[in-house]
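Engineer: First, the structure itself, so that you have it in front of you.
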Amino acid sequence: MATLRYLFLCLAAAAVLAAQSRTLDIYWIDAEGGAATLIVTPSGQSMLVDTGNPGPNDRDPKRIFSVAQMAGLKRIDMLVMTHYHVDHVGGAPALAKMIPIDKFYDHGDSIEAGNSPQTAKLWEDYKGISEGKRVIVKPGDQIPLKDAAVTVVSANGEVIAKPINGGGPNDFCKDAQNKDTDKTENGRSTGFLLTYGKFKFLDVGDLTWDREMMLACPVNKVGTVTLFQATHHGFVNGFSGAPALVWAIRPQVVVVNDGPRKGLEGNAYETIAKIAGIEDIWQSHRALKNDAEHNTVEAQIANFEETADCQGHWIKASVSKDGKFTITNSRNNFSKTYSSR
Numbered sequence: 000m001a002t003l004r005y006l007f008l009c010l011a012a013a014a015v016l017a018a019q020s021r022t023l024d025i026y027w028i029d030a031e032g033g034a035a036t037l038i039v040t041p042s043g044q045s046m047l048v049d050t051g052n053p054g055p056n057d058r059d060p061k062r063i064f065s066v067a068q069m070a071g072l073k074r075i076d077m078l079v080m081t082h083y084h085v086d087h088v089g090g091a092p093a094l095a096k097m098i099p100i101d102k103f104y105d106h107g108d109s110i111e112a113g114n115s116p117q118t119a120k121l122w123e124d125y126k127g128i129s130e131g132k133r134v135i136v137k138p139g140d141q142i143p144l145k146d147a148a149v150t151v152v153s154a155n156g157e158v159i160a161k162p163i164n165g166g167g168p169n170d171f172c173k174d175a176q177n178k179d180t181d182k183t184e185n186g187r188s189t190g191f192l193l194t195y196g197k198f199k200f201l202d203v204g205d206l207t208w209d210r211e212m213m214l215a216c217p218v219n220k221v222g223t224v225t226l227f228q229a230t231h232h233g234f235v236n237g238f239s240g241a242p243a244l245v246w247a248i249r250p251q252v253v254v255v256n257d258g259p260r261k262g263l264e265g266n267a268y269e270t271i272a273k274i275a276g277i278e279d280i281w282q283s284h285r286a287l288k289n290d291a292e293h294n295t296v297e298a299q300i301a302n303f304e305e306t307a308d309c310q311g312h313w314i315k316a317s318v319s320k321d322g323k324f325t326i327t328n329s330r331n332n333f334s335k336t337y338s339s340r
């Protein structure tokens, strides 16, 4: 009996050590200017944020499913739907046929379902696959992802009421530009702060400039972060990317899930490059409308091609509990390692 007890304790200890040696992994899956971010915790639980576009030939859902298989997943434990635009929700029905999705987290009902037959179908399809499995979140809620803390910082046009993560007075608010209130689904994006040890990851979907300012001014409500997924595919057309927020959160690394001709317009790249203490920028796509000075270095760009020829390479961050994290470009296996401040 003592021998069996000893063997059991050894196996349990080995299991704990194995779990501790695993990393928290974040995959930015190429959705050609759509969004699909897959997070897998050390214990193997998964959280997918958005599902890319529908068609042609279920391209984006197939890319997500392929990465999920590579990560060893049999199901998506939770799907966070930031908002109901086609490049975020469009791939969900096809993906749900490829792999089970257990829970859906969203900001509530679509405000654009009546705008056109397409938006009505997107909404009805989403309701169909999420029926009985939806959780409507509000700012301040926790999403129960194992091994990490996930706090909702924006949802349904509102943001958290009080600063978290050491947030406080924001000098960048002085003379900061504001913009009119957005009345689309973008402004209702569900955004979250994920904390894993010293590592902090902020993803606020397509949150618009006016809501970014609500997070930033008069106080920075989200504090500083380690890694920032650039809002709205790289501040599309100036609708997002308020410097008062982007500069205040001071990310060490920024990942831009842009498309070949979507994102990083105008002054977007300069806004990112001017972040104090930034160590690197990674891009899903080279912005073909920009010159070399307005793209990151080629080794840190996953895709160069126009959509028809694109291979859909992904970017991955592997995060250790001690705060060290390695980002890898699947196109060329180039990687760099950083230490969370």
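All residue numbers for the sequence shown refer to numbering that gives the first Met the number 0, where the first residue is 0 and numbers rise by one. For each residue, glycine too, the CB sits at the ideal point set by N, CA and C. Note that the structure is a prediction, hence the values are computed from the model and not measured.
1. Would you list, in sequence order, the uninterrupted beta strand (DSSP E) runs of no fewer than 3 residues that lie entirely inside the segment 222-267?
2. Look up Thr270 in the DSSP assignment and say whether it is helix, strand or coil.
3. Can you tell me whether Ile98 is helix, strand or coil according to DSSP?
4. For the beta strand (DSSP E) that Lys199 lies in, which residues bound it at each end?
5. Using the C-alpha atoms, what's the distance from Phe171 back to Leu244?
6. Taking DSSP as the reference, what is the three-state secondary structure of His106?
7. Which partner residues does Ser283 have in the DSSP bridge list?
8. Under 7 Å Cβ to Cβ from Asn164, same chain only, skipping five residues before and after it: list those, please.
9. Could you compute how far the alpha carbon of Arg4 sits from the alpha carbon of Ser65?
10. From what residue to what residue does the alpha helix (DSSP H) around Ile326 run?
11. What separation, rounded to the nearest whole angstrom, lies between the Cα atoms of Val136 and Val252?
12. Starting from the C-beta of Lys320, find all residues in its chain whose C-beta is less than 6 Å away, skip the five residues before and the five after it, and write them out in chain order.
13. With contact counted as at least three CB pairs below 8 Å, one residue from each stretch, are the segment 151-168 and the segment 119-132 in contact?
14. In the DSSP assignment, what are the bridge partners of Gln141?
15. By the 10 Å Cβ neighbour count, where 16 or more other Cβ atoms means buried, how is Asp108 classified, buried or exposed?
16. So, using beta-carbon positions, are Asp209 and His87 closer together than 9 Å?
17. Tell me which residues share the same chain as Asn328 and place their Cβ nearer than 8 Å to its Cβ, disregarding the 5 neighbours each side in the sequence.
18. How should Gly190 be labelled, buried or exposed, when 16 other C-beta atoms within 10 angstroms of its C-beta is the threshold for buried?
19. Could you give the uninterrupted runs of the beta strand (DSSP E) lying entirely in the segment 38-66, keeping only those of 3 residues or more?
20. For Arg133, which three-state DSSP category applies?
21. Using C-beta distances below 7 Å, list every residue in its chain close to Met213, excluding the 5 sequence neighbours before and after it, in chain order.
22. What's the call for Met69, buried or exposed, on a 16-neighbour Cβ count within 10 Å?
23. Nearest-angstrom Cα distance between Leu10 and Pro217?
24. Could you give the distance in angstroms between the alpha-carbon of Trp27 and the alpha-carbon of Ile271?
25. Drop a sphere of 10 angstroms on the beta-carbon of Asp101, count the other beta-carbons inside from all chains shown, and report buried for 16 or more, exposed for fewer.
26. Starting from Trp208 and walking both ways along the alpha helix (DSSP H), at which residues does that stretch end?
27. Run the CB neighbour count on Ala275, radius 10 Å, all protein chains shown included, and call it buried at 16 or more, exposed below.
28. Out of Gly166, Glu31, Ile277, Asp202, which one is the CA nearest neighbour of Val79?
29. Are Ala93 and Pro55 touching if we call contact CB-CB under 9 Å?
30. Smallest Cα separation from Asp24: which of Gly33, Met46, Thr295?
31. Roughly how many angstroms separate the alpha carbons of Ala13 and His84, rounded to a whole number?
32. Tell me which same chain residues have a C-beta within less than 6 Å of the C-beta of Lys178, skipping the five on either side of it?
33. Using a threshold of 9 Å, state whether the C-beta atoms of Arg58 and Ala35 are closer than that.
34. Would you check if the distance between the CB atom of Gly90 and the CB atom of Thr118 is smaller than 9 Å?
Structural biologist: Judging by the given coordinates:
1. Listed in chain order, they are 226-228, 252-255.
2. The answer is helix: DSSP assigns Thr270 an H, G or I state.
3. Here DSSP, grouped into helix, strand and coil, assigns Ile98 to coil.
4. Where Lys199 is concerned, the enclosing beta strand (DSSP E) starts and stops at 198-202.
5. Computed Cα separation, rounded: 8 Å.
6. His106 carries a coil assignment under DSSP once its states are collapsed to helix, strand and coil.
7. In the DSSP assignment, Ser283 forms no beta bridge with any residue.
8. If the five residues before and after Asn164 are omitted, its C-beta is found closer than 7 Å to the C-beta atoms of Leu192, Lys199, Val221, Gly222, all from its own chain and listed in chain order.
9. Only weak support is given to the placement of Arg4: the predicted model assigns it a pLDDT of 48, under 50, and the question is left unresolved by the model.
10. In the DSSP annotation of this structure, Ile326 is not part of any alpha helix (DSSP H); the continuous beta strand (DSSP E) holding it starts and ends at 323-328.
11. Each residue's Cα considered, the two are about 27 Å apart.
12. Within the same chain, Lys320 has close Cβ partners Gly196.
13. Not touching, per the Cβ criterion.
14. Paired residue(s): Thr150.
15. Around the beta carbon of Asp108, fewer than 16 other beta carbons sit within 10 angstroms, so the residue counts as exposed.
16. Not closer than 9 Å, so no.
17. Non-local beta-carbon contacts of Asn328 in its own chain, meaning distances under 8 Å to residues more than five positions away in sequence, involve Trp281, Ala298, Gln299, Ile300, Ala301, His312, Ile314, Ser334 in chain order.
18. So Gly190 ends up on the buried side.
19. Those beta strand (DSSP E) runs which fall completely within the segment 38-66 and span 3+ residues are 45-48.
20. If DSSP states are grouped into helix, strand and coil, Arg133 belongs with the strands.
21. If we look at Met213 and ignore the five residues flanking it on each side, its Cβ neighbours are Val158.
22. With fewer than 16 other Cβ atoms within 10 Å, it is exposed.
23. Low local confidence applies: a pLDDT of 35 at Leu10 is under 50, so the model's placement there is unreliable, and no value is given.
24. In a straight line, the C-alpha of Trp27 is about 18 Å away from that of Ile271.
25. A residue is called buried once 16 or more other Cβ atoms fall within 10 Å of its Cβ, and Asp101, having fewer, is exposed.
26. It spans 208-215 - the alpha helix (DSSP H) in which Trp208 sits, taken as one unbroken run.
27. Exposed, by the Cβ-count rule.
28. Comparing Cα positions, the closest option is Asp202.
29. Cβ atoms of Ala93 and Pro55: not closer than 9 Å.
30. Of Gly33, Met46, Thr295, the residue nearest in Cα terms is Met46.
31. Because Ala13 carries a pLDDT of 33, less than 50, the predicted location of this residue cannot be relied on, and no value is offered for it.
32. In the same chain as Lys178, and ignoring 5 residues on each side of it, the C-beta atoms closer than 6 Å to its own belong to Trp208, Asp209, in chain order.
33. Cβ atoms of Arg58 and Ala35: not closer than 9 Å.
34. No, Cβ-Cβ distance for Gly90 and Thr118 is not below 9 Å.
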